[in-house]
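Below is one structure, written out as structure tokens; comments come after it.
Residue numbers (our numbering), protein chains in the order written: chain A, 1 to 113; chain B, 1001 to 1116.
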């Protein structure tokens, strides 16, 4: 079945450091890929998405590129801020009549001043 | 900006009791969803709902669970006889209904259910 694997957390970085959170997937068909973020006490918010191979999703300085050859969708940011501290979830949707999202386990990011 | 709301934010219940979790999806959305996250585990899909019927459900969504759109704004998840293992954070989500697998789902803040 479909699955998403994320790097274990927590990831602790200093402000302005470079961030990478790894995400790989297994899916049938041609999934759409998503990164959701959950700030403390809030729901899941879409951060970015990509719907086909080689697409790059970007938002708020975060980027992720849909790599079909490596089945990956790694999240990157060049310079993190304290306000980026949150839990980040990689997810996929395979479509073909299905809309259910399959999530990774989430990666907690802590950014220290 | 429109958002999905959920009530209550926390619910404590005794094993065997019925609970109803409530959600108000974004007003012009057509698809509604429930997900849950057991503490320390992944967010898991439960069910999707469209045009007043279940569109898709997971193996988790057994006969103990039901969903309903009782009026034009609310979307509910009922657990008939709660078990200890139903303790989790339950997320409601909605989407416009026009984009298929590419479509963004908008999530509420969740209801934390604790079964004692």
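Virtual Cβ for every residue (Gly too), placed ideally from N, Cα, C.
Remember, it's a predicted structure, so these values are computed and weren't measured experimentally.
Rounded Cβ spacing between residue i and residue j (contact assumed at less than 8 Å)
i, j, result
"residue 103/A", "residue 91/A", "5 Å"
"residue 1048/B", "residue 99/A", "6 Å"
"residue 56/A", "residue 30/A", "Incorrect: roughly 17 Å between the Cβ atoms, too far for contact."
"residue 1108/B", "residue 1004/B", "4 Å"
"residue 19/A", "residue 34/A", "Not really, about 17 Å apart at Cβ, beyond 8 Å."
"residue 1046/B", "residue 1035/B", "6 Å"
"residue 1044/B", "residue 1060/B", "6 Å"
Residues near residue i by beta carbon distance below 6 Å, same chain, minus five either side
i, result
"residue 14/A", "112"
"residue 22/A", "7, 74"
"residue 32/A", "51, 93"
"residue 1112/B", "1010, 1089"
"residue 106/A", "87, 89"
"residue 1057/B", "1047"
"residue 59/A", "47, 48"
"residue 1067/B", "1047, 1049, 1077"
"residue 27/A", "2, 92, 94"
Any chain D beta carbon closer than 9 Å to residue i
i, result
"residue 1067/B", "Of the protein chains in this structure, namely A and B, none is chain D."
Close beta carbons around residue i, own chain, < 8 Å, minus the five adjacent residues each side
i, result
"residue 1029/B", "1094, 1095, 1096, 1097, 1106"
"residue 1138/B", "Beyond the ends of chain B as shown, which are 1001 and 1116, falls residue 1138/B; an answer cannot be given."
Residue i - containing beta strand (DSSP E), residue span
i, result
"residue 1017/B", "First-last for residue 1017/B: undefined, no H or E at that position."
"residue 1026/B", "Premise fails: residue 1026/B is in no beta strand (DSSP E) and is neither H nor E."
"residue 1112/B", "1111 to 1115"
"residue 1051/B", "Run containing residue 1051/B: none; DSSP gives neither H nor E here."
"residue 1067/B", "1065 to 1068"
"residue 120/A", "The first residue shown for chain A is 1 and the last is 113, placing residue 120/A beyond what the model contains."
"residue 1074/B", "First-last for residue 1074/B: undefined, no H or E at that position."
"residue 1091/B", "1088 to 1095"
"residue 109/A", "107 to 112"
"residue 1108/B", "Premise fails: residue 1108/B is in no beta strand (DSSP E) and is neither H nor E."
"residue 91/A", "86 to 93"
"residue 27/A", "From DSSP, residue 27/A is part of no beta strand (DSSP E); its letter is neither H nor E."
"residue 75/A", "75 to 77"
"residue 56/A", "56 to 59"
Check whether residue i and residue j have beta carbons under 9 Å apart
i, j, result
"residue 1037/B", "residue 1088/B", "yes"
"residue 81/A", "residue 11/A", "no"
"residue 1075/B", "residue 1092/B", "yes"
"residue 1007/B", "residue 1116/B", "no"
"residue 54/A", "residue 66/A", "yes"
"residue 43/A", "residue 1110/B", "yes"
Proximal residues to residue i (C-beta, below 7 Å), its chain only, five neighbours per side dropped
i, result
"residue 4/A", "23, 25, 90, 91, 92, 102, 103, 104"
"residue 1070/B", "1076"
"residue 1002/B", "1026, 1027"
"residue 1016/B", "1081, 1082"
Proximity test, residue i beta-carbon vs the ligand FMN heavy atom, cut-off 8 Å
i, result
"residue 3/A", "Of ligands this structure carries none, so the ligand FMN is not represented either."
* Does the region 1013 to 1030 of chain B touch the region 34 to 54 of chain A, meaning 3 or more C-beta pairs lie closer than 8 Å? -> no
* Using 8 Å as the threshold, is the region 1074 to 1090 of chain B in touch with the region 77 to 86 of chain A, meaning 3 or more CB pairs across them? -> no
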